[in-house]
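A.B. asks: Remember, this note's numbering sits 71 above the position in the sequence shown when you count from 1.
Beta carbons: idealized from backbone N, C-alpha and C, even for Gly.
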Amino acid sequence: TFAVFVGFTMKFVWPPITNALAQRQKRIAEGLAAAERGKHELQLSQEQALLQLREARAQAGKIIEQAQHKGSVLVEQAKEKAIEEGKNIKKATESELTQQIENVKSDLRKEVALIALQGAEKIIAQHLNPQSHHTLINKIIDEI
Numbered sequence: 072t073f074a075v076f077v078g079f080t081m082k083f084v085w086p087p088i089t090n091a092l093a094q095r096q097k098r099i100a101e102g103l104a105a106a107e108r109g110k111h112e113l114q115l116s117q118e119q120a121l122l123q124l125r126e127a128r129a130q131a132g133k134i135i136e137q138a139q140h141k142g143s144v145l146v147e148q149a150k151e152k153a154i155e156e157g158k159n160i161k162k163a164t165e166s167e168l169t170q171q172i173e174n175v176k177s178d179l180r181k182e183v184a185l186i187a188l189q190g191a192e193k194i195i196a197q198h199l200n201p202q203s204h205h206t207l208i209n210k211i212i213d214e215i
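#1: DSSP three-state label for threonine 72, please.
#2: For the alpha helix (DSSP H) that valine 84 lies in, which residues bound it at each end?
#3: Lysine 193 and leucine 179: beta carbons closer than 7 Å?
#4: Looking only at its own chain, which residues have a Cβ that is under 6 Å from the Cβ of glycine 190, when we skip the five neighbours before and after it?
#5: Is any heavy atom in the ligand SAH found nearer than 6 Å to the beta carbon of serine 116?
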């Protein structure tokens, strides 16, 4: 009877148990392999993220450097433009002052000529006696 029990167990009970154990062992192995793949993929993703972070930092550094350079160039251009505008303003002011000086000189010449002409007319109008001539010249000098 024991032999029949062992035979029955070996024929009908044992194969499903070994199949169940084999399937469970297979699932565990697949789970371990999947975990290993996930661990490897996580490591690759972390390395990729670090690489992208380094690239982003490098690119940000380049952008900052370019912005600083462009800022320096713009400041230099603004300085040059301000200096040029200052020179132009100075030139225009000097030209205007020169013109005003010439105008004042011209007006002064006209007035002196007019005063001299008026003085000559007064001298001629009076009889040329020395006393009145001297008085008239002093009066003209006072008017000037």
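C.D. replies: In this structure, then:
#1: In this structure, threonine 72 counts as coil in the three-state DSSP scheme.
#2: No alpha helix (DSSP H) contains valine 84, which DSSP labels as neither H nor E.
#3: Their beta carbons are not under 7 Å apart, which means lysine 193 does not touch leucine 179 by this criterion.
#4: Excluding its 5 nearest sequence neighbours in each direction, glycine 190 has C-beta neighbours in its own chain below 6 Å: Ile211, listed in chain order.
#5: For the ligand SAH, the structure offers nothing, since it holds no ligand at all.
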